[in-house]
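Novice: In mature numbering (1 follows the signal peptide of the UniProt record, and there is no 0), the protein residues as written are -32 to -1, 1 to 696.
Note that CB positions come from ideal geometry on N, CA and C, so glycine has one too.
One structure coming up, written as structure tokens, with questions to follow.
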């Protein structure tokens, strides 16, 4: 069962257990090791006196697999079985547990968990292995070069002993500066198809502690009554009716006036009391637009000169080349707001210790954000704030807001009490759908010119939509020359060789709070690029696969070669071009988060009576697949997430208020929506890249291309069910 603890508590408990070997890094990145009594750094590996090995996992677990992947790296390097290593989540400390790809910030996202931990955790495991071996060499009086560790047993000739015998001695040694990492030929766990998730058992038997499962003694449940539209503020309230609800305690306007906190003894009482509460709102500064107005603004921006020349192209020359082309293919796309809708709605629990410390129990995706916010809210130094990271039932980006929204909400709901009772903030599904953060709305307008031989002579690509990054604390770091790269990723950096490509971007006003959503900008850029590639291939009279490969033919470009390889593999495994009678196929390929994924969707039926998705064939190159079982699961999940949303989902606004409430009108993918998914992992010697998100971008365009091949209908505006397609 996963244990959650602070750094102070971690070291204290380690000391109480006797000699412990801790291996990790100092803030300067150098490897370090010590016994529990002298540890002055944050470890990645803890080996107790009884030989129990624990991986300190710095990335939170929302289902994507770091609680298995990171222990795998350590177990591989030390020489353990997966049954011989446990895990616990790291404390909030960005000095050492930072995401190496995020800078001085601890967080999980962007499919970076394995990519940034690959060497870090292997080096910590290798250092622990060498220290144990050196301790054994001293004890046995033999040369260290002849000692190995296999399945947790230290061996040298006829001598053998469990690693527990050498923990005490090893803890007194210095960590090697550059421990030898195992060669891939020595791997027994990394890439092993039989390795299964470490958290499966506890999630199956009910032992797993998700954030929603936290129940502290004497805690209160808090729910927030929020305005119908973004920007409203609470002036006061009448809780006369709420007082009639059994279990109701009190209510208070939040210090920022963004809502009213309702406190109760249990969740049901909090829901009922909140429903009964009458709030006086000031809506003078609130959003009032409807979805049609927001769409019209985006579409108008596509027709105007773009604000930013993303790839510094000669717009006039590209337009002239297209105007003079033999054929012109032109399409305009629209992508609506989308909710994240994870299975576990947002929640967290906050308490104050007898020493005045603040403790947050949370499925903390980016703990540095709330940690910094709490220092300001409570006026405490960093060491007085503790975040206990719990398991989370999904996120898709929702638990990683730049302003730590729900954690701040919990803190404000707590700070206005006398702090004698813990406060558990709970969002309902309706709260999540109606008052959350959304994938921004975007539009694309694409014009492609072809010569008489069917070659591209110009590709004009206009993008307009709501920036995720601008207006947030990340703007100074992630926005360059005014361009939010997440708005254009997947187009401006496409591996395709496309002559005469010009990319323009215009930001449009945000209608509500927008946020990165599984695969971020790739959700709309991949759809546009990959359905356009099919349309252009058709205009050129060429097969979609062959046409793509012609634009990925640079043998000296690894990006193109890896993308071409997964495209070929997916086409081969799907028996491309030979679909059974009554079926059609669509294909798409895309690079995102360092990984390459190609997908073939095979469908039957027709758009009017109902499309049935018979099979999705996926090929993925994510570098070395540390845990192939998890890679397949993540690709399957990403495919379902992408397809499910384009089939029927959107968030719409009426006078600034979200229309959708719950799963009946924001319907997730059903298990019967896709008959089968077949995932193939490309063998690779490259360092691992992400798999949490790359399965999503190609799934929707592959489906759209299959529908076009079947019926001639090209769906350029989503969701599909609102634009001419029904599903069986």
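Between which two residues does the alpha helix (DSSP H) harbouring residue 42 extend?
Specialist: For the purposes of this step, residue 42 is identified with residue 74 of the chain shown, where counting begins at 1. 34 to 46 is the span of the alpha helix (DSSP H), which, as asked, contains residue 42.
Novice: Whose C-alpha, out of 372, 565, 577, 45, is nearest the C-alpha of residue 599?
Specialist: Along the chain shown, one-based indexing puts residue 599 at 631. If we check each option's Cα against that of residue 599, 565 comes out closest.
Novice: Pair every Cβ in the region 489 to 496 with every Cβ in the region 452 to 461, then say whether three or more of these pairs are closer than 8 Å.
Specialist: A contact exists between the region 489 to 496 and the region 452 to 461.
Novice: Using DSSP's beta-bridge definition, name the partner residues of residue 12.
Specialist: Numbered from 1 along the chain shown, position 44 holds the residue referred to as residue 12. DSSP lists no partner for residue 12.
Novice: Name the two residues that bound the continuous alpha helix (DSSP H) containing residue 235.
Specialist: Here residue 235 refers to the residue found at position 267 when the chain shown is read from its first residue. From DSSP, the alpha helix (DSSP H) with residue 235 extends over 235 to 244.
Novice: Quick check on this structure: which residue in 436, 357, 685 has the alpha carbon closest to the alpha carbon of residue 178?
Specialist: Against the chain shown, residue 178 aligns to sequence position 210. Comparing Cα positions, the closest option is 357.
Novice: What does the Cβ neighbour count give for residue 61, buried or exposed, with the cut at 16 atoms within 10 Å?
Specialist: Residue 61 sits at position 93 when you count from the first residue of the chain shown. The residue is buried, with at least 16 neighbouring Cβ atoms inside 10 Å.
Novice: What is the C-beta distance between residue 220 and residue 384, in whole angstroms, given that I count them as a contact (C-beta under 8 Å)?
Specialist: In the chain shown, counting from the first residue as 1, residue 220 sits at position 252. In the chain shown, counting from the first residue as 1, residue 384 sits at position 416. That pair is a contact at about 5 Å.
Novice: For residue 493 and residue 172, what's the separation of their Cα atoms in angstroms?
Specialist: For the purposes of this step, residue 493 is identified with residue 525 of the chain shown, where counting begins at 1. For the purposes of this step, residue 172 is identified with residue 204 of the chain shown, where counting begins at 1. Whole-angstrom Cα-Cα distance: 37 Å.
Novice: Looking at C-alpha atoms only, which residue of -7, 174, 22, -5 is the closest neighbour of residue -13?
Specialist: Position 20 of the chain shown, counting from 1, holds the residue named residue -13. If we check each option's Cα against that of residue -13, 22 comes out closest.
Novice: Kindly indicate which three-state DSSP category residue 464 falls into: helix, strand or coil?
Specialist: Locating residue 464 in the chain shown gives position 496, where the first residue counts as 1. Coil.
Novice: Inspect the beta-carbon positions of residue 671 and residue 611 and report whether they are closer than 7 Å.
Specialist: Looking up residue 671 in the chain shown gives position 703. Looking up residue 611 in the chain shown gives position 643. Going by C-beta atoms, residue 671 is nearer than 7 Å to residue 611.
Novice: Looking at the structure shown, is residue 650 part of a helix, part of a strand, or coil, going by DSSP?
Specialist: Here residue 650 corresponds to residue number 682 of the chain shown, with the count starting at 1. Here residue 650 sits in coil by DSSP.
Novice: Within its chain, find whatever has a CB closer than 7 Å to the CB of residue 350; leave out the 5 residues flanking it on each side and keep chain order.
Specialist: Here residue 350 refers to the residue found at position 382 when the chain shown is read from its first residue. 339, 343, listed in sequence order.
Novice: Between 496, 237, 193, 210, which lies nearest to residue 222 when the distance is taken from Cα to Cα?
Specialist: Translated into the one-based positions of the chain shown, residue 222 becomes position 254. Closest option to residue 222, Cα to Cα, is 193.
Novice: Mind checking whether residue 702 and residue 481 have CB atoms under 7 Å apart?
Specialist: Outside the displayed span of the chain (-32 to 696) sits residue 702, for which this structure offers no information.
Novice: Under the rule that 16 or more other beta-carbon atoms within 10 Å means buried, what is residue 595, buried or exposed?
Specialist: Start at 1 with the first residue of the chain shown, and residue 595 comes out as number 627. Flag for residue 595 reads buried.
Novice: With distances taken between CB atoms, is the gap from residue 93 to residue 46 smaller than 7 Å?
Specialist: What you label residue 93 is simply residue 125 of the chain shown in a count that begins at 1. What you label residue 46 is simply residue 78 of the chain shown in a count that begins at 1. Cβ distance < 7 Å, so residue 93 and residue 46 count as in contact.
Novice: Measure the C-alpha to C-alpha separation of residue 653 and residue 158 and round it to an integer number of angstroms.
Specialist: The residue labelled residue 653 in the question sits at position 685 within the chain shown. The residue labelled residue 158 in the question sits at position 190 within the chain shown. So the alpha carbons of these two residues sit roughly 12 Å apart.
Novice: Determine the direct distance from the alpha carbon of residue 132 to that of residue 96, and round the result to whole angstroms.
Specialist: Within the chain shown, the letter at position 128 stands for residue 96. Within the chain shown, the letter at position 164 stands for residue 132. Going from the Cα of residue 96 to the Cα of residue 132 covers about 12 Å.
Novice: Please go through the same chain and pick out, in chain order, the residues whose beta-carbon is closer than 7 Å to the beta-carbon of residue 629, but skip the five residues on each side of it.
Specialist: Along the chain shown, one-based indexing puts residue 629 at 661. If we look at residue 629 and ignore the five residues flanking it on each side, its Cβ neighbours are 398, 401, 402.
Novice: Are the CB atoms of residue 716 and residue 216 nearer to each other than 7 Å?
Specialist: Any answer about residue 716 is impossible in this case: the structure gives the chain only from -32 up to 696.
Novice: Can you tell me whether residue 62 sits near the ligand PLP, meaning its C-beta is under 6 Å from at least one heavy atom of the ligand?
Specialist: In terms of ligand content, the structure shown is empty, and the ligand PLP therefore cannot be addressed.
Novice: Should the region 631 to 641 be regarded as contacting the region 539 to 550, the criterion being three or more beta carbon pairs within less than 8 Å?
Specialist: No: the two stretches stay apart, fewer than three of their Cβ pairs being nearer than 8 Å.
Novice: Distance, Cα to Cα, residue 90 vs residue 553?
Specialist: The count along the chain shown starts at 1 and reaches residue 90 at position 122. The count along the chain shown starts at 1 and reaches residue 553 at position 585. When rounded, the distance between both Cα atoms is 42 Å.
Novice: Tell me, please, whether the CB atom of residue 286 is closer than 7 Å to any CB atom in chain C?
Specialist: The structure shown contains no chain C; it holds only a single protein chain.
Novice: For residue 586 and residue 646, which I take to be in contact (beta-carbon distance under 8 Å), what is that distance rounded to the nearest angstrom?
Specialist: Working through the chain shown from its first residue, we reach residue 586 at position 618. Working through the chain shown from its first residue, we reach residue 646 at position 678. That pair is a contact at about 7 Å.
Novice: Pick helix, strand or coil for residue 427, following the three-state DSSP scheme.
Specialist: Stepping through the chain shown from its first residue, residue 427 is reached at position 459. Residue state, collapsed to three classes: strand.
Novice: Between 284, 328, 360, which lies nearest to residue 313 when the distance is taken from Cα to Cα?
Specialist: Sequence index remark: in the chain shown, residue 313 carries index 345 (1-based). For residue 313, the nearest C-alpha among the options comes from 360.
Novice: Any idea what DSSP makes of residue 407, helix, strand or coil?
Specialist: Reading the chain shown from its first residue, position 439 is the one you call residue 407. Residue 407 falls in the strand class under three-state DSSP.
Novice: Compare the beta carbon distance of residue 83 and residue 658 with 7 Å and say whether it is the shorter of the two.
Specialist: Stepping through the chain shown from its first residue, residue 83 is reached at position 115. Stepping through the chain shown from its first residue, residue 658 is reached at position 690. The answer is yes: Cβ separation under 7 Å.
Novice: For residue 54, which of helix, strand or coil comes out of DSSP?
Specialist: For the purposes of this step, residue 54 is identified with residue 86 of the chain shown, where counting begins at 1. DSSP places residue 54 in strand when its eight states are reduced to three.
Novice: Checking the sheet assignment: what are the DSSP bridge partners for residue 249?
Specialist: What you label residue 249 is simply residue 281 of the chain shown in a count that begins at 1. 202, per the DSSP bridge assignment.
Novice: Output the boundary residues of the beta strand (DSSP E) element that contains residue 474.
Specialist: As a working mapping, residue 474 is identified with position 506 in the chain shown. Per DSSP, residue 474 belongs to the beta strand (DSSP E) from 469 to 475.
Novice: Under the three-state reduction of DSSP, which class applies to residue 446: helix, strand or coil?
Specialist: Residue mapping note: residue 446 aligns to position 478 of the chain shown, counting from 1. Residue 446 falls in the helix class under three-state DSSP.
Novice: Using the DSSP secondary-structure output, state which residues sit across from residue 633 in a beta bridge.
Specialist: On the chain shown, residue 633 is found 665 positions in, with the first residue counted as 1. Bridge partners of residue 633: none, in fact.
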